[in-house]
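Visitor: Quick note: the sequence shown, position 156, residue 136 per the numbering used here, numbers continuous.
Quick reminder that beta carbons are idealized off the backbone N, C-alpha and C, glycines included.
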Amino acid sequence: MKKLIVVLLLSISFSATAQTKSDLQKHYEAFYDEMRLQGDVNGVISALTHLNVISPSKQRKDTLAFVYANNNQHMQALNTIGIEKEPTDSDMAVQVKAISLKALNQPKRALEQFEELFKRTPNPYLAYELADLKIQTGANSDAVANIEYGIANAKDDMKYAFYERQQPYEVPLKAAFLHLRALTIYDNNKGDIDAAIAKIDEALAIDPNFNLASLSKQALLSRKNPPPAEEAKNKQ
C-alpha cells in the first residue's frame, strides 16, 4: 500500500512538473511575441533566454545570438553560439559569428566565417568583407579575386557604409571596391604610386565625396612628393 502511495505521489509530481513547464513555455512564448510587437530588445532577449532554458533549441539559440549581434552585444552573441566554424551551422549562425568576430577585432576568425557565407551565397557585399579582411591580415594578393568579383557584380544601387568620420556616410559599392584595388596595387608595387592614384581617381569619379578615398589619395601623393626636408632625410 505504501509503495502504491509513493508511486501515485511521484506520478502526480511529474505531472505537475510537466504542466508547470508547459505553462511556463506558453507564458514566455506569449511574452516573446509581445516584446517583439513593442520593439523591446531587452524583453526579446529575456524571453528567448528563458525559452532556451525551458526547452533548448538550436534555432532559438541562433535567433538569440542574432538579436544580441544586432544590438551590438557581440561578446554575448558569441557566448551564445560559440566561435568555431561548424559545417552544420545555419546561415544565421555563420552570419552572426562573422559580424561579431569582425566587430571584436578578430579578423582572421571572422574571415573563416565570411568565407563560409560566400561559399553558400556569393554576393558583392560578402566579397567586399572578404577583400577588406584579407587586406587587414596581409593577404593582399588573395584579396584581388574578391575585388575583381565585386567590381564586376556590384550594381549601381548597392551602397557601402563608412564610419571614419564623425558622421557615417555611404558610397556606391563599386567605388569602395576600386579603393581597395588601389590599396592592393600600391602594396604590390610601392614604386608605382601613379597606378594606385589612378584607381582611386576612378572611385572618386563615381563619388567625389568618398572621404576615405580622398584621404588615401592624399597619403599617396605625400609619398610621391614628400616635403623637401623629408626627402633629404630619406636620401641620407
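Please report the straight-line C-alpha distance between TYR48 and PRO148, rounded to a whole angstrom.
Guide: Walking along the sequence shown from the start, residue 48 turns up at place 68. Walking along the sequence shown from the start, residue 148 turns up at place 168. C-alpha separation (whole angstroms): 22 Å.
Visitor: Within 10 angstroms of the Cβ of LEU97, are there 16 or more other Cβ atoms? Answer buried if so, exposed if not.
Guide: Here residue 97 corresponds to residue number 117 of the sequence shown, with the count starting at 1. It counts as buried.
Visitor: Within 10 angstroms of the Cβ of GLY118, are there 16 or more other Cβ atoms? Answer buried if so, exposed if not.
Guide: Numbered from 1 along the sequence shown, position 138 holds the residue referred to as residue 118. Per the 10 Å Cβ criterion, exposed.
Visitor: Just to confirm the assignment, what range does the alpha helix (DSSP H) spanning ALA111 have?
Guide: In the sequence shown, the residue the question calls residue 111 occupies position 131. Unbroken alpha helix (DSSP H) run through ALA111: 104 to 116.
Visitor: With DSSP collapsed to three states, give me the class of LYS77.
Guide: Stepping through the sequence shown from its first residue, residue 77 is reached at position 97. Correct three-state label for LYS77: helix.
Visitor: Under the three-state reduction of DSSP, which class applies to SER(-5): helix, strand or coil?
Guide: Here the question's residue -5 lines up with position 15 in the sequence shown. Unreliable positioning characterises SER(-5) in this predicted model, as indicated by a pLDDT of 49, which lies under 50. The coordinate reading is nonetheless provided below. SER(-5) falls in the helix class under three-state DSSP.
Visitor: Nearest chain B C-beta to TYR149 closer than 8 Å, yes or no?
Guide: No chain B appears in the structure shown, which is made up of a single protein chain.
Visitor: I need the straight-line Cα distance from ALA73 to ILE61, nearest angstrom please.
Guide: Position 93 of the sequence shown, counted from the first residue, corresponds to residue 73. Position 81 of the sequence shown, counted from the first residue, corresponds to residue 61. The alpha-carbon atoms of ALA73 and ILE61 are separated by roughly 7 Å.
Visitor: Could you spell out where the alpha helix (DSSP H) holding ALA217 opens and where it closes?
Guide: The shown model of the chain, from -19 to 216, leaves out residue 217, and the question about it has no answer.
Visitor: Does the beta-carbon of PRO188 have 16 or more other beta-carbons within 10 angstroms, so that it is buried, or is it exposed?
Guide: Here residue 188 refers to the residue found at position 208 of the sequence shown. Exposed: under 16 other Cβ atoms inside 10 Å.
Visitor: Do you know how far the Cα of LEU4 is from the Cα of MET138?
Guide: Position 158 of the sequence shown, counted from the start, is the residue given in the question as residue 138. Position 24 of the sequence shown, counted from the start, is the residue given in the question as residue 4. Straight-line Cα distance between these residues: approximately 45 Å.
Visitor: What residue range is occupied by the uninterrupted alpha helix (DSSP H) comprising ALA134?
Guide: As a working note, residue 134 is residue 154 in the sequence shown. First-last for ALA134: undefined, no H or E at that position.
Visitor: To which residues does DSSP link PHE142 through a beta bridge?
Guide: As a position in the sequence shown, residue 142 is number 162, starting the count at 1. In DSSP, PHE142 forms a bridge with TYR149.
Visitor: Please classify GLY130 as buried or exposed, where buried requires at least 16 neighbouring CB atoms within 10 angstroms.
Guide: For the purposes of this step, residue 130 is taken as the residue at position 150 of the sequence shown. That one is buried.
Visitor: Would ASN120 and ASP167 be called neighbours here (beta carbons separated by less than 8 Å)?
Guide: Working through the sequence shown from its first residue, we reach residue 120 at position 140. Working through the sequence shown from its first residue, we reach residue 167 at position 187. Cβ atoms of ASN120 and ASP167: closer than 8 Å.
Visitor: Can the beta-carbon of ALA175 be found closer than 8 Å to that of LEU184?
Guide: Within the sequence shown, the letter at position 195 stands for residue 175. Within the sequence shown, the letter at position 204 stands for residue 184. Their beta carbons are not under 8 Å apart, which means ALA175 does not touch LEU184 by this criterion.
Visitor: Taking a contact to mean a Cβ-Cβ separation below 8 Å, would you say GLN93 touches LYS114 in this structure?
Guide: One-based indexing of the sequence shown puts residue 93 at position 113. One-based indexing of the sequence shown puts residue 114 at position 134. No, they are not a contact pair.
Visitor: Near GLN116, which residues of its chain fall below 8 Å by C-beta distance, leaving aside the five closest residues on each side in sequence?
Guide: Sequence index remark: in the sequence shown, residue 116 carries index 136 (1-based). Within the same chain, GLN116 has close Cβ partners PRO87.
Visitor: Pull up the distance between the alpha-carbon of SER202 and that of ARG161, whole angstroms please.
Guide: Here residue 202 corresponds to residue number 222 of the sequence shown, with the count starting at 1. Here residue 161 corresponds to residue number 181 of the sequence shown, with the count starting at 1. Looking at the two C-alpha atoms, the distance is approximately 19 Å.
Visitor: Under 8 Å, with one C-beta from each stretch per pair, do the stretch 9 to 26 and the stretch 40 to 56 reach the 3-pair mark?
Guide: Because the criterion of three Cβ pairs below 8 Å is met, the stretch 9 to 26 and the stretch 40 to 56 touch.
Visitor: Return the CA-CA distance between VAL151 and TYR143, expressed in angstroms with no decimal places.
Guide: Taking the sequence shown and counting its residues from 1, the one referred to as residue 151 is at position 171. Taking the sequence shown and counting its residues from 1, the one referred to as residue 143 is at position 163. So the alpha carbons of these two residues sit roughly 11 Å apart.
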